[in-house]
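A.B. asks: To start, I am sharing the structure in question, which I have written as structure tokens.
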Amino acid sequence: MLLVTGGAGFIGANFILDWLAQADEAIINLDKLTYAGNLENLAALAADERHIFVHGDVCDTALVSSVLGRYKPRAILNFAAESHVDRSIHGPEEFVQTNILGTFRLLEASRAYWNGLNDKMKRRFRFLHVSTDEVYGSLVQGQPAFSETFPYQPNSPYSASKAASDHLVRAYYHTYGLPVLTTNCSNNYGPYQFPEKLIPLMVVNALAGKPLPVYGDGQQIRDWLYVKDHCTAIRRVLEAGVVGETYNVGGWNEQPNIKIVRTICTLLDTLRPLVIGSYHSLITFVSDRPGHDRRYAIDASKIERELGWKPGETFETGVTKTLRWYLDNPAWIGNVQSGAYRTWMEKNYAGRQA
Ligand code: NAD
Ligand code: DAU
């Protein structure tokens with residue numbers, strides 16, 4: 158069996174759903190259920206014994222150790238994190254706590270567990286750390302995409318905390334021999350993404366007739382990958398990745414934010430037309446994110462060359478699937494837009510000058 162941390166969040170939930178649709182190997186899902194963790198994402202597994210949910214914090218060493226001792230997983234996949242850059246600007250402490258201390262505590266518990274395994278299980282064990290391209294910092298136009306050897310230059314409290322966690326993971330391999338793997342992925346989108354991130358935020362705002370807040374000039378570039386493709390990359394790295402290595406994962410799909418927002422508006426104009434006018438009229442430029450990274454781009458040639466992985470979806474197919482999912486799941490949208498969500502929207506957007 159596998160231990161997944163943060164499996165009630167966006168990518169973790171997609172990973173668990175895909176895994177259990179394809180394999181009978183059970184998953185223990187350790188999640189703190191922060192605002193971003195939502196068991197509704199895993200409702201399809203409510204009666205499935207292969208999904209064992211444990212409510213808890215990766216910082217809780219006693220809990221993690223007891224889970225490891227009881228279930229004896231062959232691998233740990235660490236998705237748990239505070240993941241939203243804007244929230245890290247408003248309140249960095251949780252990011253240090255979960256992303257740095259949490260990863261450290263998980264590594265310590267894993268090391269003790271791994272040391273106690275028999276030789277066969279020890280050889281088979283993997284600690285796979287799910288990380289981000291943001292650790293590499295910001296590119297200027299024309300600069301080559303991030304390869305695995307690009308220097309770390311994190312610019313936000315979020316990316317700095319993820320960079321620190323990556324370094325700890327690396328150190329546990331070099332110092333203690335813990336069999337680790339790290340993936341650094343670009344921007345994901347798809348079903349179950351919390352509507353604080355660009356694509357789902359634009360979709361839920363558009364459907365509610367609210368402004369679509371584009372930061373700064375909207376020319377910041379991200380490399381977008383459909384979440385199910387990220388999940389297949391993680392499976393492939395777990396299966397065949399070389400211990401101690403890192404793998405960059407991306408969609409070969411760089412686009413400026415404003416283009417993404419316009420694409421969403423154009424698609425919604427077809428899929429859910431307004432009685433009068435177009436969703437494009439909701440686009441509103443607002444003041445920028447402090448320290449906003451200008452461009453990310455992933456060179457995903459290593460994982461393609463060495464492990465044979467490449468994305469299965471184009472942006473057009475992936476974003477259409479995503480929009481259809483949000484259109485088909487109004488109850489999910491309604492449930493996540495609780496009081497806490499409204500407080501966050503007020504905090505992040507009320508002060509931004511249009
Ligand atoms: P998310 O915010 O949707 O989910 C995070 C999950 O972690 C939630 O279920 C939350 O409850 C849980 N969690 C938070 N703190 C915890 C703690 N202390 N103990 C246990 N569980 C805790 O995030 P996501 O978008 O699914 O991202 C998952 C991972 O992938 C993160 O590590 C993130 O850095 C990384 N990543 C995300 C993207 C992206 O575009 N979303 C891209 C590359 C990498
Ligand atoms: O690159 C991978 C990273 O992608 C992950 O590690 C993070 O967990 C994930 O949140 C994401 O970070 P970004 O900051 O790139 O994602 P976000 O969706 O918040 O923003 C994408 C771009 O859109 C970014 O340039 C900021 C801009 N934006 C975002 C929001 C929420 C807007 O213009 N308006 C908005 O309201």
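The sequence shown maps to residues 158 to 511 in my numbering. The beta carbon of each residue, even a glycine, is placed where N, CA and C say it ideally should be. Remember, it's a predicted structure, so these values are computed and weren't measured experimentally.
#1: Kindly identify the DSSP beta-bridge partner or partners of I440.
#2: Assuming R446 and Q412 form a contact by the criterion Cβ under 8 angstroms, report the distance between their Cβ atoms to the nearest whole angstrom.
#3: Runs of 4 residues minimum, wholly inside the region 264-307: which ones carry the alpha helix (DSSP H) assignment?
#4: Which class does L190 belong to by DSSP, given the choice of helix, strand or coil?
#5: Is it the case that the Cβ atoms of N410 and K459 are separated by a distance below 8 angstroms?
#6: R207 by DSSP, collapsed to three states: which one?
#7: Helix, strand or coil, according to DSSP, for L431 in the structure here?
#8: Using DSSP's beta-bridge definition, name the partner residues of Q254.
#9: Report the three-state DSSP secondary structure of E411 (helix, strand or coil).
#10: In the DSSP output, what is R262 paired with across the bridge?
#11: What's the gap between the Cα of H286 and the Cα of S435?
#12: Have a look at the DSSP bridge pairing and note the partners of L234.
#13: Counting beta carbon pairs with one atom in the region 216-225 and one in the region 165-183, are three or more of them shorter than 8 angstroms?
#14: Near T128, which residues of its chain fall below 8 angstroms by C-beta distance, leaving aside the five closest residues on each side in sequence?
#15: Looking only at C-alpha atoms, which of G366, D374 and R392 sits nearest to F172?
#16: For D374, is the classification buried or exposed, using 16 other Cβ atoms within 10 angstroms of its Cβ as the cut-off for buried?
#17: Tell me, please, which residues DSSP counts as bridged to C342.
C.D. replies: Answer, in terms of the structure:
#1: Here I440 is bridged, per DSSP, to L369.
#2: With a contact defined as Cβ atoms closer than 8 angstroms, R446 and Q412 miss out at about 17 angstroms.
#3: Within the region 264-307, the complete alpha helix (DSSP H) runs of at least 4 residues fall at 276-281.
#4: Coil.
#5: It is not a contact, given that the beta carbons lie outside the stated cut-off.
#6: When secondary structure is reduced to three states using DSSP, R207 falls in the coil class, being assigned neither helix nor strand.
#7: Coil at L431, not helix or strand.
#8: Per DSSP, none; premise fails for Q254.
#9: Judged by DSSP in its simplified three-state form, E411 adopts strand.
#10: Residue pairing of R262 in beta bridges, as defined by DSSP: absent, with no partner found.
#11: Those two C-alpha atoms are separated by around 42 angstroms.
#12: DSSP, once it has assigned bridges, lists V161 and L285 as partnering L234.
#13: Taking a cut-off of 8 angstroms for Cβ pairs, the region 165-183 and the region 216-225 do not touch, as fewer than three such pairs fall below it.
#14: A question about residue 128 goes unanswered here, because the residues of the chain that appear run from 158 up to 511.
#15: In terms of Cα proximity to F172, the closest of G366, D374 and R392 is R392.
#16: Burial call: exposed.
#17: T289 and V406.
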